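Report on the structure given below.
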Amino acid sequence: MEKAVEEIPADELITLLLRASLSSEALAAGSRLAAQVDEVRTWLARQGYIKLASSDGGAHYATIDFTAALAELPGFRRDPRQSPLSRSAIDVIAFAGSLAGSGSVTLRSSCNFDETSVKYVAEAIMYAAGFMDGAADPTANDPGDGGLNSRAHDALLEELF
């Protein structure tokens, strides 16, 4: 492959990653999640954690070394001011690595996702569960006072206080 990883458009990189992970929906979901979040994809590529390769038959594919990427996260969590990544990106890497089988983080312990990332995380969960065409919409297409669930939540809070 002639292009540097950083130069490959996200959709093309996702195709290369999926090609290498066809045997596992969870691995595919974790790889796809990492490639969908711009900050995560860029950091993984710059650190050399995304590898490009070709099969004996000439098919190009890509893999992510989640084990190596996950090894850096404890330092970023200890001193967030020194981290090159946002808290959301750190949690995306941890969760994607866990889906891919390289870590063991729970969703509960990694809930610092921003609005864009949480959409991709929800879709990764659906993808790993076999719902490959599932889509998530964190704003429920209602930018005003929130959707049905958030209004019900607010109503319950008002009842309590």
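Residue numbers (my numbering): 1 to 161. In this text, a Cβ means the ideal position worked out from N, Cα and C, and glycines have one as well. Values in this document were obtained by computation on a predicted structure and should not be read as measured data.
{"Asked": "Based on the DSSP secondary-structure assignment, which residues constitute the bridge partners of S54?", "Found": "H60"}
{"Asked": "Evaluate S21 with the Cβ neighbour count: other Cβ atoms within 10 Å of its Cβ, from every protein chain shown; 16 or more gives buried, anything less gives exposed.", "Found": "buried"}
{"Asked": "By Cβ distance below 6 Å, which residues in the same chain neighbour M1 in space, the five residues on each side in sequence not counted?", "Found": "Model confidence at M1 stands at a pLDDT of 47, short of 50, so the residue's coordinates are unreliable; what they give is reported in the following sentence. For M1, where only same-chain residues beyond five positions count, the Cβ hits under 6 Å are L52, H60."}
{"Asked": "Specify the secondary structure class of V118 as computed by DSSP and reduced to three states.", "Found": "helix"}
{"Asked": "Roughly how many angstroms separate the alpha carbons of A96 and L160, rounded to a whole number?", "Found": "37 Å"}
{"Asked": "Name the residue from E72, L18, A62, D38 whose alpha carbon lies nearest to the alpha carbon of K3.", "Found": "A62"}
{"Asked": "Given a cut-off of 8 Å on the beta-carbon distance, is the pair E37 and S110 in contact?", "Found": "Contrary to the premise, residue 37 reads as Val rather than Glu in this sequence. Taking 8 Å as the Cβ cut-off, V37 and S110 do not qualify as a contacting pair."}
{"Asked": "Near S102, which residues of its chain fall below 7 Å by C-beta distance, leaving aside the five closest residues on each side in sequence?", "Found": "F66, T67, L70"}
{"Asked": "Could you tell me if A129 is buried or exposed, where buried requires 16 or more neighbouring beta carbons within 10 angstroms of its beta carbon?", "Found": "exposed"}
{"Asked": "Which residues mark the beginning and the end of the alpha helix (DSSP H) in which V107 is found?", "Found": "It is worth fixing the name first, because residue 107 is Leu in this sequence and not Val. Careful: L107 lies outside any alpha helix (DSSP H) and carries neither H nor E."}
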